[in-house]
Amino acid sequence: MRNPESRPDPQVLLEKVDKIYSDGKWNGRLGMVLWKGRFYIFFRSAVAHDQDGAIRMIRSTSNIPRHWSTSPYSPENYQATIKAGRPVDPIGPGPEASLVIDSPADESEMHVLGTPERLFGYVVLLVAGSDEVIGTQVIHTDNGTDWSKPRQVYEPGWSFWKPRSYKDTHFVVADVMTGTRRIELLSSTDGVAWKKVSTIAEGPFTETDLVFLKDGTLLAVARQGRVFRSKPPYTEWTSRRCPTLDGPAVALVGDTVLASGRVAAGNFPDAQQGERRNGLFSIDPKTLKFQWKMNMVTQWGGDVSYPHILSLDRHRALIAWYDGQRYQKGVPKQADIFLAILRLVPGM
Numbered sequence: 494m495r496n497p498e499s500r501p502d503p504q505v506l507l508e509k510v511d512k513i514y515s516d517g518k519w520n521g522r523l524g525m526v527l528w529k530g531r532f533y534i535f536f537r538s539a540v541a542h543d544q545d546g547a548i549r550m551i552r553s554t555s556n557i558p559r560h561w562s563t564s565p566y567s568p569e570n571y572q573a574t575i576k577a578g579r580p581v582d583p584i585g586p587g588p589e590a591s592l593v594i595d596s597p598a599d600e601s602e603m604h605v606l607g608t609p610e611r612l613f614g615y616v617v618l619l620v621a622g623s624d625e626v627i628g629t630q631v632i633h634t635d636n637g638t639d640w641s642k643p644r645q646v647y648e649p650g651w652s653f654w655k656p657r658s659y660k661d662t663h664f665v666v667a668d669v670m671t672g673t674r675r676i677e678l679l680s681s682t683d684g685v686a687w688k689k690v691s692t693i694a695e696g697p698f699t700e701t702d703l704v705f706l707k708d709g710t711l712l713a714v715a716r717q718g719r720v721f722r723s724k725p726p727y728t729e730w731t732s733r734r735c736p737t738l739d740g741p742a743v744a745l746v747g748d749t750v751l752a753s754g755r756v757a758a759g760n761f762p763d764a765q766q767g768e769r770r771n772g773l774f775s776i777d778p779k780t781l782k783f784q785w786k787m788n789m790v791t792q793w794g795g796d797v798s799y800p801h802i803l804s805l806d807r808h809r810a811l812i813a814w815y816d817g818q819r820y821q822k823g824v825p826k827q828a829d830i831f832l833a834i835l836r837l838v839p840g841m
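Sequential numbering of the sequence shown, starting at 494, is according to the working numbering.
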C-alpha cells in the first residue's frame, strides 16, 4: 500500500508555448521577474554566444504574460493601421527590445531581484573577448525604465547567480574562479550590501540556483551536477550527485520543486533534432533525487540553456529559455527566446 504521507510525483503538461523574441541575433542568458504587475525578461544580446554583448529587456503590457513590448501588435503598429484606414499587411515589425546597459566590458548576463518598490539587476562583467570575470555590478530602477549607474557588489572576481528573497532577507550564491575556487551563500537586507553566510562547497562549482522550501530548508543546484541542502542558519551543507544542468534554474510550484537546464539529448532522448536540450525535472526534497519530466521545445537542438522558472500559483509556472543554433567559436549565430506555461497535474 502507498504510504499516506507520500505524494506521487505530479505530471507536468505544456499549457502554452510561444516564441516571444527573435531578431536574428544571439539572445540568451535570461532573467525573469514579475514586478509591479508586469513580467520582465532580461537577456544578453550579441552577434554570437562568445562575443561582446549588451543587456536588453522586454516586458509584458499587463499582468498576463501574453502581449509583450516588442510584439508586432504594438500600439505603434495599431495606430499605423488606423491611420491607413485599412489592415496593414504584412504588419510591421515590433519595437526593438529596450537597452538596459552596454559598456566597454562584456555584459555576460543580468540576474534580477524584485522588491515592492525597487527592481535590482546584477550584471556579471567579463573582460571583452575573454572568459575573465571582472565581477558583478548592481543597477536598479524604481519605474522599470530609468536605471541607476552601476556599482560593484561584494568583491572583484565574483559572479552572482539568480538572487532569491526569503522572509525579508535576500540570498544569492556567488562563485569565484580564481584562487581557492568555491561557491558561497551571501545575504543582504537592501540588495546592495552583501555579506557571506557560509561556504557551500570548494571546487570548480559555478552557476548555482536556490530554492527555499516551506519549512525554510534551502536547496542549491550547481551547474556541475551537484545538489546541496541546508537548514537555517544555512552554515552546514550536505550534498549528492544529480544530473548536470548547464545554466540551472529551480523553483517551488505548490509542493513540487522543479529544475531545468541544458542537458545532452543522448541522456534524455526525444524526437527533436540536435544534440542539446533544455530539460525539465522534479526534485524530491527528501531524497534529492531528480525525476526527468520532459525536454522543452527546440528549433535546432544546439546552443540552448539559461532557463528561468517563475511560479504562477500552486499548479502553474512560467518557464523561459533561449534556443539557439549550434555553437561555433566566434561564428555569428541566432538564438531566440521562448516562453511556456507549465501545468502540474496530480499523479496517480
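Think of the CB as a built atom: it goes at the ideal place given N, C-alpha and C, for glycine as much as any other residue. This structure is a prediction, so every number in the text was calculated from the model and none was measured.
(request) Could you name the residues of the same chain whose beta carbon sits closer than 8 angstroms to that of Lys640, not counting the 5 residues immediately before and after it, in chain order? (result) Before going on, a small fix: residue 640 reads as Trp here, not Lys. For Trp640, where only same-chain residues beyond five positions count, the Cβ hits under 8 angstroms are Val593, Ile594, Gly614, Ile632, His633, Thr634.
(message) Could you check whether Trp793 and Gly772 sit closer than 8 angstroms to each other, using their CB atoms as the reference points?
(response) no
(message) With distance defined between alpha-carbon atoms, name the residue in Lys822, Ser658, Ser555, Ser591 nearest to Arg842.
(response) No answer is possible for residue 842: the residues shown for the chain start at 494 and end at 841.
(message) Looking at the strands, I want to know which residues DSSP matches up with Thr673.
(response) The partner list for Thr673 (beta bridge, DSSP) is empty, contrary to what the question assumes.
(request) Could you check which residue in Lys782, Gln630, Pro697, Lys655 has the C-alpha nearest to that of Val743? (result) Lys655
(message) Just to confirm, is the Cβ distance from Asp668 to Trp651 under 8 angstroms?
(response) It is a contact, given that the beta carbons lie within the stated cut-off.
(request) Would you kindly work out how many angstroms separate the C-alpha atoms of Asp763 and Ser658, rounded to a whole number? (result) 35 angstroms
(request) For the beta strand (DSSP E) holding Arg549, just list the boundary residues, first then last. (result) 547 to 552
(message) On the DSSP bridge list, what partners appear for Ala556?
(response) It should be noted that the sequence gives Asn, not Ala, for residue 556. Partner(s): none; Asn556 has no beta bridge.
(request) Would you mind reading off the limits of the beta strand (DSSP E) that contains Gly775? (result) The sequence shown places Ser at residue 775, not Gly. 769 to 776 is the span of the beta strand (DSSP E), which, as asked, contains Ser775.
(message) In the DSSP output, which residue or residues are listed as bridge partners for Lys512?
(response) Phe831
(message) Ile812 and Ala828 - do their beta-carbons sit closer together than 8 angstroms?
(response) no
(message) Rounded to the nearest angstrom, what separates Gly622 and Ser596 at their Cα positions?
(response) Looking at the two C-alpha atoms, the distance is approximately 13 angstroms.
(request) Rank Leu679, Val750, Gly521 by C-alpha distance to the C-alpha of Val781 and give the top, closest one. (result) Correcting the residue identity first, residue 781 is Leu in this sequence and not Val. Comparing Cα-Cα distances from Leu781 to each of Leu679, Val750, Gly521, the minimum goes to Val750.
(message) Please return the same chain residues whose Cβ sits closer than 7 angstroms to the Cβ of His808, not counting the five positions on each side in sequence.
(response) Excluding positions up to five away in sequence, the list reads Gly747, Arg836, Leu837.
(request) Would you list the residues sitting across from Gln504 in a DSSP beta bridge? (result) Partner(s): Val838.
(request) With a cut-off of 8 angstroms on the beta carbons, I'd call Pro649 and Gly628 a contact; round off their distance for me. (result) 4 angstroms
(request) Examine the Cβ distances between the segment 720 to 734 and the segment 754 to 761 and report whether three or more of them are shorter than 8 angstroms. (result) no
(message) Quick check: is the beta carbon of Phe774 nearer than 8 angstroms to any beta carbon in chain D?
(response) Among the protein chains of the structure shown there is no chain D, as only one such chain exists.
(request) Give a yes or no on whether the C-beta atoms belonging to Thr673 and Glu695 are separated by under 8 angstroms. (result) Result yes, Cβ atoms of Thr673 and Glu695 sit closer than 8 angstroms.
(message) Measuring only the C-alpha atoms, how far is Asn636 from Arg611?
(response) 8 angstroms
(request) Measure how close the beta-carbons of Arg537 and Glu600 come, nearest whole angstrom, since I'm counting them as under 8 angstroms. (result) 6 angstroms
(message) Checking 8 angstroms against the spacing of the C-beta atoms, do Gly817 and Gly521 come in under that value?
(response) Between Gly817 and Gly521, the C-beta spacing is below 8 angstroms.
(request) Could you work out which residue in Lys509, Tyr820, Leu805 is closest to Trp528 when comparing CA atoms only? (result) Leu805
(request) Could you tell me how far apart the beta carbons of Asp796 and His604 are, in whole angstroms, since I believe they sit closer than 8 angstroms? (result) Their Cβ separation, rounded to whole angstroms, is 20 angstroms, which puts Asp796 and His604 out of contact at 8 angstroms.
(message) Let me check one thing: in DSSP terms, what residues is Ile812 bridge-paired to?
(response) Ile802, Ala833
(message) With the cut-off set at 8 angstroms, would you say Ile513 and Met525 are in Cβ contact?
(response) no
(request) Using beta-carbon positions only, say whether Tyr820 and Tyr799 come within less than 8 angstroms of one another. (result) A distance of 8 angstroms or more separates the beta carbons of Tyr820 and Tyr799.
(request) Less than 8 angstroms between the CB atoms is what I'm expecting for Arg675 and Thr699, so what's the real figure, rounded? (result) Their Cβ separation, rounded to whole angstroms, is 10 angstroms, which puts Arg675 and Thr699 out of contact at 8 angstroms.
(request) Report, in whole angstroms, the separation of the C-beta atoms of Val626 and Val617, which I expect to be a contact under 8 angstroms. (result) 7 angstroms
(message) For Gly607 and Asn788, I'd like the C-alpha separation in whole angstroms.
(response) Per the coordinates, the alpha-carbon of Gly607 lies some 29 angstroms from the alpha-carbon of Asn788.
(message) Quick check: Leu738 and Ser723, are their CB atoms within less than 8 angstroms of each other?
(response) no
(request) Report yes if the C-beta distance between Lys689 and Leu679 is below 8 angstroms; otherwise report no. (result) yes
(message) Which of the three DSSP states is assigned to Ala598 in this structure?
(response) coil
(message) Among Asp516, Glu602, Ile557, Arg549, whose alpha-carbon lies nearest the alpha-carbon of Ser591?
(response) Arg549
(request) Check whether the Cβ atoms of Ala598 and Val666 sit closer than 8 angstroms, and answer yes or no. (result) no
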